[in-house]
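Just so you know, the sequences run in chain order A and B. Numbering follows our numbering, with no gaps: position 258 of the first sequence is 1566. Numbering follows our numbering, with no gaps: position 44 of the second sequence is 46. Notes follow the structure.
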Amino acid sequence: MKAIHYDAIILGAGAAGLSAAIYLSRAKLKTLLINEGSIGGQMVLTHAVANYPGVHETSGRDISLIMKKQAKEFGADIESNVEITKLDLSGKEKLVEIDDDEIFTSDVVILATGGKPRKLGIPSETKFKGFGISYCATCDGDFYAGKDIVVVGGGNSALEEAVSLTKLVKSITIVHQFDNFQAHEYAIEQAKKNDKISFIMESEITEILGEELVTAVKVQNQKTGKEQLINTDGIFIYIGYIPNTDKFKDVIKLNNRNEILTDENMKTNVDGIFAAGDVREKKFRQITTAVSDGTIAALNAIEYIQTNKK
Amino acid sequence: MLQTNLNHINSEDEFKQIIENNENVMICCGRMGPMCLPVYDAMESLEDKYENVKFYDMDFDTPHAHVIRNHELARKFMGLPFTFYFKNGQAVHATTSIQTKKQVKSNLDEYLT
Ligand SMILES: Cc1cc2nc3c(=O)[nH]c(=O)nc-3n(C[C@H](O)[C@H](O)[C@H](O)COP(=O)(O)OP(=O)(O)OC[C@H]3O[C@@H](n4cnc5c(N)ncnc54)[C@H](O)[C@@H]3O)c2cc1C
């Protein structure tokens, strides 16, 4: 199999990766964007983005489609919905194989692989996906009209989605592992004043019960160890995101939450490898900050390529 | 109308003709939400590789989508999209909620060869 060489390969086509692709290809560097999931990443989860400067409220999908168009128009190649079957980032020339049948090499790699929703980690979670377990209130809320449900989590997504679900469901029990919420004050207030919502704090779901569909969950108090059974028709899970770093964790330096460590130029511990967006250690994870990271990574990558070509 | 690059099914008659006149058909019935988009994307990227299969989508909120919404195989489904695999006019498999490209591929290989 003959490898095709690029100046830069970007892994991940979310806000960070797409931004990096725009800058690299506009600088006339041969650029390849490889994405294992759908173009846009987490952006497509947001129906209404109201805080992207210069753009009046629009959907995350629309922003990503425009970013993709920009990257393509400047000349970037895009491989989307593929599987990375081999990755070698350690040498001077980096290598990426996709779908077991195409090999690409490059001088630079930008890791912009973002994050994926954290799962409960209970064996029956997969079995009940779509049969009582959901990760998207706007997608599946209708199926739970008039029913009793559980929402797991205590951040903005959990509380905001719970409040929006109260328009459809009979009752909501929010199960949260800590004794306080990690959401904005406004979201907490809205959830607390809603009559349909009750709270079980400092507790975790230990078991999901049901035959074909979910019928109940076992919830354990983290302090006392006491378990209680809650009858429910569904579980909506919003317990945060984990970084997609599995594929390169042996080569790239990560922190104890498995996020990539970079300097302010988005450089990682490996020469020629940069990281951008939610996948790196940082405090604020937004589309704007991912775009900023992608830009900085790309500009530094351009400098790196030019210096090393001399 | 779904904004995808797949062919859309726009009526019950069309649905019947498609499944009766083609040996292998995959239909994803959903909306433009985060659980549905990855399935449409996966189908779009597999269209060229599976020439023996016809790929379609269907808007979940149209009246004619009752052929999928109320299908026996979808009786217990509680998550979008509803994805169906038809062979010689018969539904041979169906899934609920988001699916990865790998899962779609494995269903195509198992049910629509
Ligand atoms: C529900 C929700 C609502 C939000 N609302 C807002 C909002 O209103 N405003 C705002 O500014 N921010 C919002 N955010 C945050 C914002 O969406 C993210 O911070 C931002 O999109 C992250 O972009 P990213 O490119 O770093 O990563 P991601 O969007 O996660 O993209 C990473 C991409 O990489 C792909 N990938 C994963 N692993 C690999 C691999 N090994 N190889 C190749 N590709 C891979 C993934 O499939 C994905 O497409 C929201 C997030 C969520 C979850």
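For every residue, glycine included, the Cβ atom is placed at its ideal position computed from N, Cα and C. Small disclaimer: the values here were computed from a predicted structure and weren't measured.
CA nearest to the CA of residue i, picked from the options
i	options	result
aspartate 1487(A)	Glu1512(A), Leu1403(A), Lys1575(A)	Glu1512(A)
alanine 1321(A)	Ser1388(A), Leu1337(A), Pro1431(A), Asn1608(A)	Ser1388(A)
valine 1587(A)	Thr1354(A), Ser1327(A), Gly1422(A)	Gly1422(A)
aspartate 1396(A)	Ser1600(A), Asp1315(A), Ser1414(A), Val1390(A)	Ser1414(A)
proline 1551(A)	Ile1386(A), Gly1349(A), Val1599(A)	Gly1349(A)
lysine 1424(A)	Val1471(A), Ala1491(A), Ala1358(A), Tyr1546(A)	Tyr1546(A)
lysine 1501(A)	Val1357(A), Gly1325(A), Ala1470(A)	Ala1470(A)
lysine 1400(A)	Asn1343(A), Val1578(A), Gln1614(A)	Val1578(A)
glutamate 1405(A)	Glu1344(A), Ala1358(A), Met1351(A)	Glu1344(A)
lysine 1435(A)	Glu1519(A), Ser1398(A), Ile1374(A), Gly1383(A)	Glu1519(A)
threonine 1523(A)	Thr1540(A), Ile1374(A), Ile1418(A)	Thr1540(A)
isoleucine 100(B)	Ala93(B), Gly91(B), Thr85(B)	Thr85(B)
threonine 102(B)	Pro40(B), Asp50(B), Ala96(B)	Pro40(B)
leucine 1537(A)	His1492(A), Ile1418(A), Gln1530(A), Leu1517(A)	Leu1517(A)
isoleucine 1318(A)	Gln1378(A), Lys1591(A), Leu1341(A), Asp1385(A)	Leu1341(A)
isoleucine 1482(A)	Glu1493(A), Lys1557(A), Gly1542(A)	Gly1542(A)
methionine 34(B)	Val1352(A), Leu1326(A), Gln1614(A), Arg1334(A)	Val1352(A)
glutamate 74(B)	Ala67(B), Ala93(B), Val106(B)	Ala93(B)
tyrosine 1549(A)	Phe1592(A), Asp1385(A), Gln1614(A)	Phe1592(A)
alanine 76(B)	Leu1521(A), Gln1378(A), Ala1384(A), Arg1565(A)	Leu1521(A)
aspartate 1418(A)	Ile1386(A), Ala1328(A), Lys1557(A), Asp1385(A)	Residue 1418(A) is actually isoleucine in this sequence, not aspartate. The candidate whose alpha carbon is nearest that of isoleucine 1418(A) is Ala1328(A).
Cβ neighbours of residue i in the same chain (closer than 7 Å, five flanking residues each side left out)
i	result
phenylalanine 1489(A)	Gly1462, Leu1467, Ile1496
lysine 1555(A)	Ile1392, Leu1395
isoleucine 1347(A)	Ala1321, Ser1372, Lys1376, Ser1388
valine 69(B)	Glu14, Phe17
histidine 95(B)	Tyr87, Asn109, Tyr113
glycine 91(B)	Ile21, Glu22
asparagine 1616(A)	Asp1415
serine 1465(A)	Tyr1546
Exposure of residue i, with buried meaning 16 or more beta-carbon neighbours within 10 Å
i	result
histidine 1484(A)	buried
glutamate 1365(A)	exposed
aspartate 1408(A)	exposed
serine 128(B)	Summary: the structure shown does not reach residue 128(B), with chain B confined to residues 3 through 115, and so no result is reported for it.
valine 1363(A)	exposed
serine 108(B)	exposed
threonine 98(B)	buried
methionine 3(B)	exposed
lysine 1575(A)	buried
proline 36(B)	buried
leucine 114(B)	buried
phenylalanine 62(B)	buried
threonine 1553(A)	buried
glycine 1580(A)	buried
alanine 1491(A)	buried
phenylalanine 88(B)	buried
tyrosine 1612(A)	buried
phenylalanine 57(B)	buried
Beta-carbon proximity list for residue i, same chain, < 8 Å, skipping 5 on both sides
i	result
alanine 1311(A)	Leu1403, Ile1411, Phe1412, Thr1413
leucine 1473(A)	Ala1445, Gly1449, Tyr1452, Ile1457, Val1459, Ile1480, Phe1544
aspartate 59(B)	Leu4, Thr6, Leu8, Asn9, His10, Ile11, Ile29, Cys30, Cys31, Gly32, Tyr42, Met45
alanine 1356(A)	Glu1365, Thr1366, Ser1367
lysine 1504(A)	Thr1474, Val1477, Lys1478, Ser1479, Ile1480
alanine 71(B)	Looking at the sequence provided, one finds arginine at residue 71(B) rather than alanine. Cys31, Phe62, Phe84.
Close Cβ partners of residue i (< 6 Å) along its chain, the five nearest in sequence each way excluded
i	result
alanine 1316(A)	Leu1332, Leu1337, Thr1339, Ser1414, Val1416, Ala1609
glutamate 1535(A)	Lys1526, Gln1528
histidine 1313(A)	Thr1413
threonine 1354(A)	Gly1368
tyrosine 1360(A)	Ile1595
cysteine 38(B)	Gly32, Leu82, Pro83
glutamate 1515(A)	Lys1526
alanine 1324(A)	Ala1420, Ala1584, Gly1585, Ala1598, Asp1601, Gly1602
valine 1477(A)	Tyr1452, Lys1455, Ile1457
glutamate 1589(A)	Asn1563, Glu1567, Leu1569
serine 1398(A)	Val1559
glutamine 1498(A)	Val1471
glutamate 1381(A)	none
methionine 1309(A)	Ile1411
valine 106(B)	Ala44
Chain-ordered neighbours of residue i on chain C, where CB pairs are closer than 9 Å
i	result
threonine 98(B)	Among the chains of the structure shown, chain C does not appear; the protein chains present are A and B.
Any non-hydrogen atom of ligand 3 within 7 Å of residue i CB
i	result
leucine 1476(A)	In the structure shown, ligand 3 is absent; the only ligands present are ligand 1.
Across the stretch 18-27 of chain B and the stretch 1368-1384 of chain A, are there enough close Cβ pairs to call them in contact, namely three or more that are closer than 8 Å?
no
Count the CB pairs spanning the stretch 1584-1598 of chain A and the stretch 1555-1571 of chain A that are closer than 8 Å, and state whether there are at least three.
yes
Check whether the stretch 76-87 of chain B and the stretch 1435-1452 of chain A are in contact - that is, three or more C-beta pairs closer than 8 Å.
yes
Just checking, does the stretch 1424-1432 of chain A make contact with the stretch 1502-1509 of chain A on the three C-beta pairs under 8 Å criterion?
no
Count Cβ pairs between the stretch 11-25 of chain B and the stretch 1598-1613 of chain A that sit closer than 8 Å; are there 3 or more?
no
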